[in-house]
Structure formats: structure tokens, C-alpha cells
Amino acid sequence: MSHDNSSPSFLQHHFNDVEQQYDTAKFGMWAFILTEVLTFGGLFVAYVVYRSWYPEMFINANLLLDVNKGLLNTVVLITSSLTMALAIWAIQKKNKNLSLAMLILTFIFAFMFLGIKYLEYSHKFEVGQLPGEYYSYMGPEVAHINNPHIFFSIYFLMTGLHGLHVAIGMGLIGWLIYATAKGNLHSEYYTPMEMIGIFWHLVDLIWIYLFPLFYLIG
Amino acid sequence: MTENKKNYLTYPKGIMSWLLTLDHKRIGLMYLFGGLAFFFLGGLLAMGMRLELAAPGNDFMSNDTYNNIYTLHGAIMIFLFIIPAIPGALGNILLPLMLGAKDVAFPRLNLASFYIYTLGALFVLYTIIAGGVDTGWTFYTPYSTTSTSNVIPMTMGIFVIGFSSILTGLNFIATIHKMRIPGLTWYKLPLFVWALYGTSLVQITATPVIAITMVLLILERLLGIGIFDPALGGDPVLYQHFFWFYSHPAVYIMILPAFGIISEIIPVHSRKKIWGYKFIAFSTLSIAFIGFLVWGHHMFTSGQSVFSQIVFSFITYFVGIPTGVKIFSWILTMYKGQVSFTPPMLYALSFLFLFTIGGLTGIFLGAVALDIHLHDTYFVVAHFHYVMQGGTIVAFLGGLHHWWPKSMGTMYNHTIASICAFGVFIGFNGTFFPQFLLGLRGMPRRYATYDPQYADLHNYSSFWSVILGLSIFFAIMNLLWSLRKSNKLDPGTNPWGAMTLEWTHTTSPPHPHNFEEEPVLEHGPYDYDKVIVKPTFKK
Numbered sequence: 002m003s004h005d006n007s008s009p010s011f012l013q014h015h016f017n018d019v020e021q022q023y024d025t026a027k028f029g030m031w032a033f034i035l036t037e038v039l040t041f042g043g044l045f046v047a048y049v050v051y052r053s054w055y056p057e058m059f060i061n062a063n064l065l066l067d068v069n070k071g072l073l074n075t076v077v078l079i080t081s082s083l084t085m086a087l088a089i090w091a092i093q094k095k096n097k098n099l100s101l102a103m104l105i106l107t108f109i110f111a112f113m114f115l116g117i118k119y120l121e122y123s124h125k126f127e128v129g130q131l132p133g134e135y136y137s138y139m140g141p142e143v144a145h146i147n148n149p150h151i152f153f154s155i156y157f158l159m160t161g162l163h164g165l166h167v168a169i170g171m172g173l174i175g176w177l178i179y180a181t182a183k184g185n186l187h188s189e190y191y192t193p194m195e196m197i198g199i200f201w202h203l204v205d206l207i208w209i210y211l212f213p214l215f216y217l218i219g
Numbered sequence: 006m007t008e009n010k011k012n013y014l015t016y017p018k019g020i021m022s023w024l025l026t027l028d029h030k031r032i033g034l035m036y037l038f039g040g041l042a043f044f045f046l047g048g049l050l051a052m053g054m055r056l057e058l059a060a061p062g063n064d065f066m067s068n069d070t071y072n073n074i075y076t077l078h079g080a081i082m083i084f085l086f087i088i089p090a091i092p093g094a095l096g097n098i099l100l101p102l103m104l105g106a107k108d109v110a111f112p113r114l115n116l117a118s119f120y121i122y123t124l125g126a127l128f129v130l131y132t133i134i135a136g137g138v139d140t141g142w143t144f145y146t147p148y149s150t151t152s153t154s155n156v157i158p159m160t161m162g163i164f165v166i167g168f169s170s171i172l173t174g175l176n177f178i179a180t181i182h183k184m185r186i187p188g189l190t191w192y193k194l195p196l197f198v199w200a201l202y203g204t205s206l207v208q209i210t211a212t213p214v215i216a217i218t219m220v221l222l223i224l225e226r227l228l229g230i231g232i233f234d235p236a237l238g239g240d241p242v243l244y245q246h247f248f249w250f251y252s253h254p255a256v257y258i259m260i261l262p263a264f265g266i267i268s269e270i271i272p273v274h275s276r277k278k279i280w281g282y283k284f285i286a287f288s289t290l291s292i293a294f295i296g297f298l299v300w301g302h303h304m305f306t307s308g309q310s311v312f313s314q315i316v317f318s319f320i321t322y323f324v325g326i327p328t329g330v331k332i333f334s335w336i337l338t339m340y341k342g343q344v345s346f347t348p349p350m351l352y353a354l355s356f357l358f359l360f361t362i363g364g365l366t367g368i369f370l371g372a373v374a375l376d377i378h379l380h381d382t383y384f385v386v387a388h389f390h391y392v393m394q395g396g397t398i399v400a401f402l403g404g405l406h407h408w409w410p411k412s413m414g415t416m417y418n419h420t421i422a423s424i425c426a427f428g429v430f431i432g433f434n435g436t437f438f439p440q441f442l443l444g445l446r447g448m449p450r451r452y453a454t455y456d457p458q459y460a461d462l463h464n465y466s467s468f469w470s471v472i473l474g475l476s477i478f479f480a481i482m483n484l485l486w487s488l489r490k491s492n493k494l495d496p497g498t499n500p501w502g503a504m505t506l507e508w509t510h511t512t513s514p515p516h517p518h519n520f521e522e523e524p525v526l527e528h529g530p531y532d533y534d535k536v537i538v539k540p541t542f543k544k
């Protein structure tokens with residue numbers, strides 16, 4: 002049951018041809034994207050429930066977020082999606098060096114995103130804008146409202162889970178850089194790059210929802 | 006006929022070739038034995054409960070011990086046995102064979118999913134060693150956020166096992182879409198494949214929600230995030246919504262593969278084409294879909310609005326329609342067939358009786374007024390077990406007997422297997438039918454002690470549970486005993502005269518790469534009216 006000698010080395014034993022292998026990978030990836038959407042879906046439901054219960058609290062607590070940093074992060078992440086797409090385009094056009102450069106840029110943008118997020122988080126830790134029991138901030142924005150800690154519970158959960166995805170994405174992109182540099186990925190076979198690209202666009206897309214829902218409701 | 010062909014059990018050799026295998030059949034077997042080990046453990050816990058309940062007082066254990074035992078029984082049986090057992094074991098072994106494929110779509114992911122399951126199982130075992138958990142398998146807040154027992158390792162285990170379930174579902178969906186041989190169109194698929202497809206859809210869409218729910222519960226305990234804590238402005242009932250949004254569809258993760266097994270066993274052992282192929286196929290998908298819209302029927306007493314109660318109750322009745330379609334199709338398949346009472350068929354017939362009772366009592370519980378009376382009583386316990394044990398586990402045992410010669414290449418003793426199947430049927434009814442009566446009379450669930458008025462029925466239930474436990478134990482021992490060398494079957498054997506690819510185009514046990522050459526489809530899976538496939542059974 003082995004393939005004949007003409008079949009390429011990247012074809013796994015249980016597939017008949019390259020096309021079937023590619024289609025299957027892509028199909029599986031979209032199914033995985035669906036599970037990701039549902040994972041975040043649970044938290045979006047929590048967001049909707051608590052925002053409908055405490056509409057004023059959400060608006061007041063939202064004033065405590067740093068819109069500029071959020072906006073900057075949005076730009077950084079959208080740009081990284083562009084460079085990711087360009088990396089795939091470049092490898093299709095057999096331009097290995099351009100593809101590598103684009104992957105490295107994507108990696109740097111992902112790192113920048115987490116860096117900016119770190120600055121935001123550390124400020125919140127300093128002033129006590131923290132989830133649940135650990136919340137201690139009593140500034141004028143939240144002087145007359147109840148339960149601002151709920152806002153921060155949901156904020157940290159959703160942006161934290163998203164940040165975890167960015168970190169995982171960085172690991173995957175790092176691996177892509179290695180595999181492309183070694184020549185394992187090329188214009189004939191770049192399926193992993195395309196799949197990780199789909200994942201990266203999802204991470205971007207989720208942020209595009211998170212940004213207005215947390216930063217722009219005031 | 007003693008030629009020594011290569012098969013997946015003996016080639017390649019060595020422990021590492023098993024632990025690092027990418028072969029779906031070996032992964033399936035590892036799931037099978039893992040699942041059976043937890044089935045045994047969960048069964049022992051059940052016997053512990055029945056022992057305590059045989060008489061009214063605290064005869065053998067304290068209330069705390071009892072709370073631990075029923076929680077572990079529920080969590081182990083559901084998360085470590087029933088959910089992974091049929092898709093993980095039988096599904097893994099059979100799916101690629103039924104499709105004519107060499108393996109599942111993502112073999113490495115398949116192995117990863119087994120090890121993720123193992124990791125989750127370690128968390129659960131740790132929970133037991135560390136002293137158990139006493140919240141019930143549903144982990145309702147606020148008790149689960151305040152209980153001093155080991156809620157975190159247990160829910161962590163369930164979180165981890167969830168990923169194994171998602172990966173298996175994802176793998177199966179991609180396999181069914183992309184790995185079929187040419188000519189094997191959707192309507193020529195065996196119905197077990199349709200059942201796995203429906204199951205996998207639910208697995209990939211519902212399981213992420215339980216995963217995130219378990220994370221919320223863990224963070225609530227660790228960091229006091231307040232989402233479920235009314236003192237911090239949160240809502241404990243939100244937990245119930247999250248939990249049942251997964252756990253009701255999860256009921257269909259547990260029962261749909263069982264439906265698939267029954268759809269295979271009945272036509273083969275009745276030697277007749279399945280009645281209503283498309284009805285059965287699409288009823289599977291409609292159950293999977295409706296299953297997402299009915300979670301509120303677990304919460305009729307949670308203070309939800311009357312409007313929600315009516316809507317959830319109304320939609321719940323819709324589940325009965327596709328389920329009824331299946332039952333009638335199976336009965337019509339047997340009508341005027343050549344029914345042979347082989348051990349797998351005995352389990353399938355038991356299933357029809359037991360699952361029908363389980364399903365009909367589900368209609369009782371879907372009615373709001375009746376449910377408010379029966380909520381949290383033994384009626385619910387009995388209903389649940391009629392569906393999950395009388396349904397899923399009986400079908401699983403039937404499937405195990407049906408495909409045992411295929412996957413292991415040996416045949417078990419039919420007389421012992423039949424006696425055990427009969428014992429399971431009698432023991433099961435004896436154990437759980439009295440619990441309907443107990444529930445109607447007001448016996449609440451999850452109590453170690455009870456009023457003397459319930460003593461007779463409890464005592465009766467405990468007595469028959471011994472018959473049930475022993476029957477299952479000996480049924481599985483009978484299978485394992487068949488594995489001795491002298492019992493080897495001829496590799497070409499097709500003992501039931503089945504027509505699906507795993508029987509007609511490969512050896513028993515199958516070749517390491519499933520088929521020596523890609524199979525060519527000659528007939529549909531149940532074309533008993535067109536082609537004659539004779540049962541062959543040689544040693």
C-alpha cells in the first residue's frame with residue numbers, strides 16, 4: 002500500500018494524492034475554527050448577559066481602559082494579518098526570502114501586540130482594576146456604580162484567552178519561519194503556512210470584535 | 006487455511022509500536038481497554054451505592070462518603086467511559102474500514118487525542134486519591150465554588166478530556182468528508198458512519214462550551230472572579246445554562262453512536278435491507294440539531310420564566326419525532342426478515358425495549374407540570390439509566406459482540422454470551438424499574454438514607470443490581486477469554502454474513518494498512534435483496 006516512487010515526500014501514507022491531503026487539511030482546519038468560535042462564543046454570551054444586567058456599569062468601567070493602546074493594538078494586529086497573507090502569496094510565487102521576511106514581520110507584530118497588552122495589564126494590576134475579589138480601584142469614574150469588578154472579570158477572561166491565542170500563534174509562526182528557512186515549505190507544499198494563516202486571521206478577527214465591545218462603548 | 010497473514014495486532018511488534026502507533030485500529034483498542042477499565046471502576050462505585058441503599062440507614066458509609074461515590078460514579082461513567090467509548094473505541098476501529106480508507110484523516114491528531122484522554126484520566130484518578138469530590142457530576146454553583154472537596158482537579162480533568170473529544174470529532178468529520186473511496190456516496194455509507202457524523206458535529210460544537218465553563222468554574226474558585234457568585238454581582242443560574250448548553254447535546258454524543266450500532270446489527274442479523282435508510286440518516290442529523298435547543302428542560306425548577314419553560318418543553322417534544330422514526334424503522338427492518346438470535350442481536354432487541362422505555366419517560370419529564378413533581382427524584386435517575394445504560398451501554402455491548410471477531414480475530418462462546426445478554430436485560434429492569442416507582446413516590450436522588458417506606462423497592466433494586474453487575478462482568482470476561490490462541494478464526498471469516506466493507510474486503514483481524522488494495526464498491530451496505538453474502542465461520 003505504499004505510493005509509487007514518483008509521489009512527493011510530503012505526501013502522507015494514508016492519502017491517495019496531494020490534492021486529497023490538501024483538501025482534508027483545509028477542511029479540518031475550518032472545523033477547528035468552528036470550535037474556536039464556540040469557545041469564545043461562551044464568553045461572548047457571558048458578556049451579553051452581564052452587559053444587559055449592568056449597562057451603566059459597563060459604560061463607566063469602559064472609561065478605565067486605554068483606548069489609544071487598544072487602537073494601536075488593533076492596527077498592529079490587522080497589519081500582521083496582512084503580512085501573514087503576503088507570506089503565503091510570496092511562497093506561492095516561489096519567493097522564499099520575501100516569504101521569510103513577511104513571516105518574521107508577522108512574528109514581530111505579534112510580539113508587539115503582547116508587549117502593548119503587557120503595558121495595559123501591568124497598569125491595571127498597579128491600580129487594582131482586577132477581576133472579582135481582587136478589585137480595589139475606587140476612582141471617580143466608578144464612584145457611584147456597583148460591581149465594576151464584573152467588567153474586569155470578563156475583560157481579563159476574554160482578552161486573556163485571546164492573548165493566549167496570540168502567544169500560541171507566535172509559537173506556530175516561529176515554527177513556520179524555521180520550516181521555510183530549512184526549505185521544508187515551498188511553492189509545491191505550503192499547507193501548514195496556509196492553515197496557520199487561517200488561524201492567525203481568526204485571532205485577528207476575534208480582536209476586531211473585542212476592541213469595540215470593551216474599549217468603544219462609552 | 007493456516008497461512009500466516011500480517012494483521013494489525015501482530016505487526017509491527019513491540020510495546021513502542023503500540024504506544025506510538027498512528028494506526029486507528031490500535032488507537033481504538035487502547036481506547037477500548039482504557040474505557041473498559043473505567044467502566045469497571047464506575048461499576049464498582051455503583052455497586053457501592055446499591056450496597057448502601059439496600060437498607061434505610063447509614064449502614065456501610067457516611068453521608069460524605071456516599072456523596073463522593075455518586076459524584077465519582079457519574080463523572081467517571083460519563084466523561085471517561087460513555088462519551089469516549091463508542092466513538093473512541095468502536096468508531097476509531099471501524100470508521101476508516103467502513104469508508105475503505107487507509108486511516109483517519111489526521112492519524113497524529115488521533116494519537117494525541119488518546120493521550121489527552123489519558124492525561125484527563127490522570128486528573129480524575131488524582132481526584133480519587135486526594136479524597137474525592139462531592140458536588141455531583143453536574144458541579145452546580147454555588148456549592149461547587151464553596152465545597153472543600155477536590156473540585157478543581159476533577160473539573161480540570163473534564164476540561165482536558167473535552168479537547169480529546171473535540172479532536173476525535175474533528176478528525177472523524179474530516180475523515181467522512183474526504184477519505185471515502187470513489188463511488189461511496191453519502192447514501193451508500195453504513196448508518197454507523199452517519200451516526201458518527203452526527204456525534205462528531207455535536208462534539209465539535211458543544212464541547213468547547215463545557216471547556217470554557219470548566220475554566221470559569223476553576224477561576225471562580227481560584228480567583229473569585231464573581232461570574233457565578235451572587236455576592237459579587239454574578240449569577241449561579243448562568244452556570245446551569247452554560248453547563249446544560251453542553252451537557253444536553255452531550256446526551257446525544259452518548260446515544261447517537263448507539264443508534265448507529267443498532268442500525269448495523271439489526272439488518273445484518275435479520276438478513277434484510279434496512280427500512281427507511283434516509284429517514285434514519287436524517288433523523289440522526291435532526292436529533293443532533295434539536296439537541297442544541299432544549300437545554301432549558303433541565304432547569305424547569307431553577308426559576309426560569311414560564312415563557313421559557315413552555316418553549317423549552319415544546320421543543321423537547323420534537324426530539325421524540327426523529328427518535329420514534331428510528332425505532333419504527335428498526336422494527337420494520339426485522340419484519341419478515343430472517344431474524345437470528347445471536348448475542349449481538351439479543352443486545353439490539355434489549356436496546357429496543359429499554360431505550361423505548363427510557364425515551365417515553367423522557368417525554369414525561371419534558372412536561373413542565375410533571376417535571377416539577379419528578380425533578381431530582383429517582384424517576385430522573387431511572388429515566389437517565391434507561392437511556393444511558395439500557396440504551397448506550399447495551400448497544401455498546403452489542404457492538405462489541407458484533408465486531409469482536411472482526412477486530413480481534415476470535416469468536417467468543419455464544420451460549421455464555423447469550424446468557425449474559427439475558428442477565429443484563431433482566432438485571433437492568435430489576436434494578437431500575439423500581440426506581441421509577443420510588444421517584445413517583447417522592448424518593449429524592451443523592452441521599453444515602455431514606456424513610457422506611459421506600460425500603461422494599463430499594464432492597465429489590467439492590468438485589469437485581471448484583472445480577473446486572475455480574476452479567477456485564479461475565480459478558481466482558483467471556484470476550485476476553487476468547488482471546489486465547491486456540492480460538493483463532495480463519496482470516497477470511499464473516500460470521501454474520503455482513504455486507505459492509507470492513508467485513509467483505511479485509512481480513513479478520515484487518516491488515517495493518519486496512520486493505521491490501523483499495524476496495525472497489527460492489528454493492529450498498531444493506532443490499533440483502535440483491536446480493537447473497539453467506540455467513541462463513543471457520544477456525
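Protein chains in written order, with the numbering used here: chain A, 2 to 219; chain B, 6 to 544. Built from N, CA and C at the ideal position, the CB exists for glycine as well.
Query raised in the report: In whole angstroms, what separates the C-alpha of B/Thr212 from that of B/Phe358?
Result: 30 Å
Requested in this report: Determine the direct distance from the alpha carbon of B/Glu269 to that of B/Thr7, and round the result to whole angstroms.
Outcome: At B/Thr7, the pLDDT of 39 sits below 50, so the modelled position is not reliable and the matter cannot be decided from this model.
Report task. Output yes if chain E places a C-beta closer than 8 Å to the C-beta of B/Ile166; else output no. Result -> Considering every chain present, this structure includes no chain E. Its protein chains are A and B.
Requested in this report: Run down chain A in chain order and give the residues with a C-beta less than 7 Å from the C-beta of B/His182.
Outcome: Phe28
Query - 8 Å Cβ cutoff met for B/Val525 and B/Met504 - result: no
Query - Euclidean distance between Cα positions of B/Thr151 and B/Arg226 - result: 8 Å
Query raised in the report: Do the region 241-256 of chain B and the region 67-74 of chain A meet, that is, are 3 or more Cβ pairs less than 8 Å apart?
Result: no
**Report entry** Inter-residue Cα distance where the pair is B/Ser466 and B/Leu445
**Finding:** 15 Å
Query raised in the report: Can a CB atom of chain B be found closer than 8 Å to the CB of A/Asp24?
Result: yes
Requested in this report: Report the residues of the region 85-111 of chain B with a CB closer than 9 Å to any CB of chain A, ordered along the chain.
Outcome: Pro101, Ala106, Lys107, Asp108, Val109, Ala110 and Phe111
Query raised in the report: Does the beta carbon of B/Ala179 come closer than 8 Å to any beta carbon on chain A?
Result: yes
Query raised in the report: Is B/Lys493 helix, strand or coil when you go by DSSP?
Result: strand
Query raised in the report: How about B/Phe542: is its C-beta nearer than 8 Å to some C-beta of chain A?
Result: no
Report task. Mind listing, in chain order, the continuous alpha helix (DSSP H) runs of no fewer than 4 residues lying wholly within the region 50-102 of chain B? Result -> 68-80
Query raised in the report: With C-beta atoms as the reference, is B/Asn492 less than 8 Å away from B/Ile421?
Result: no
Query raised in the report: In terms of DSSP beta bridges, what is A/His187 paired with?
Result: A/Tyr190
Query raised in the report: Between the Cα of B/Thr218 and the Cα atoms of B/Ile232, B/Ile209 and B/Gln208, which residue gives the shortest distance?
Result: B/Ile232
Query - Nearest-angstrom Cβ-Cβ length linking A/Tyr51 and A/Ile155, presumed shorter than 8 Å - result: 6 Å
Query - Selection of the region 142-157 of chain A by Cβ proximity to chain B, strictly under 7 Å - result: Asn147, Asn148, His150, Ile151 and Ser154
Report task. Quick one: list the residues of chain A neighbouring B/Thr436, beta-carbon separation under 9 Å, in chain order. Result -> Near B/Thr436 there are no residues of chain A at all, since even the closest Cβ is about 37 Å away, more than 9 Å.
Query raised in the report: Hey, A/Ala111 and A/Ser100: beta-carbon distance below 8 Å or not?
Result: no
Requested in this report: Run down chain A in chain order and give the residues with a C-beta less than 8 Å from the C-beta of B/Phe264.
Outcome: Ordered by position in chain A, no residue passes the 8 Å Cβ test against B/Phe264, which lies about 22 Å from the chain.
Report task. Consult DSSP for B/Pro327 and reduce its assignment to one of helix, strand or coil. Result -> helix
Query raised in the report: Taking the Cβ atom as the reference point for each residue, do B/Ile91 and B/Phe287 lie within a distance shorter than 8 Å?
Result: no
Query raised in the report: Among residues of its own chain, excluding the 5 on either side of A/Ser3, which ones have a beta-carbon nearer than 6 Å to its beta-carbon?
Result: Any reading at A/Ser3 must be qualified, since the residue scores a pLDDT of 47, below 50, and its modelled position is unreliable; no value is offered.
**Report entry** DSSP-derived helix/strand/coil call for B/Asn587
**Finding:** Here chain B comprises residues numbered 6 to 544, so residue 587 of chain B is not present and cannot be evaluated.
Query raised in the report: Beta-carbon separation of B/Tyr383 and B/Leu443 under 8 Å?
Result: yes
Query raised in the report: In terms of alpha-carbon separation, which member of B/Ile285, B/Thr180, B/Ile74 and B/Arg31 lies closest to B/Ile134?
Result: B/Ile74
Query raised in the report: Mind listing which residues of the region 173-186 of chain A have their C-beta closer than 7 Å to chain B's C-betas, in chain order?
Result: none
Report task. Check distances from the C-beta atoms of the region 220-249 of chain B to those of chain A and list, in chain order, the residues that come in under 9 Å. Result -> Val220, Leu221, Leu224, Glu225, Leu228, Gly229, Ile230, Gly231, Ile232, Asp234, Leu237, Gly238, Gly239, Asp240, Leu243, His246 and Phe247
**Report entry** Listed by chain order, chain A residues near B/Pro213 by CB distance under 8 Å
**Finding:** Thr36, Glu37, Leu39, Thr40, Gly42 and Gly43
Query raised in the report: Which chain B residues sit within Cβ distance under 8 Å of A/Val50?
Result: Asp240 and Leu243
Query raised in the report: Does A/Val204 come within less than 8 Å of chain B when only Cβ atoms are used?
Result: no
Query raised in the report: Interface residues of chain A around B/Leu175 at Cβ under 8 Å?
Result: Gly29, Ala32, Phe33 and Thr36
**Report entry** Neighbour-count burial assignment, A/Ser81, 16 or more Cβ in a 10 Å radius
**Finding:** buried
**Report entry** Contacts of B/Ile552 in chain A (Cβ-Cβ under 8 Å)
**Finding:** For chain B, the structure presents residues 6 to 544; residue 552 of chain B sits outside this window and is missing.
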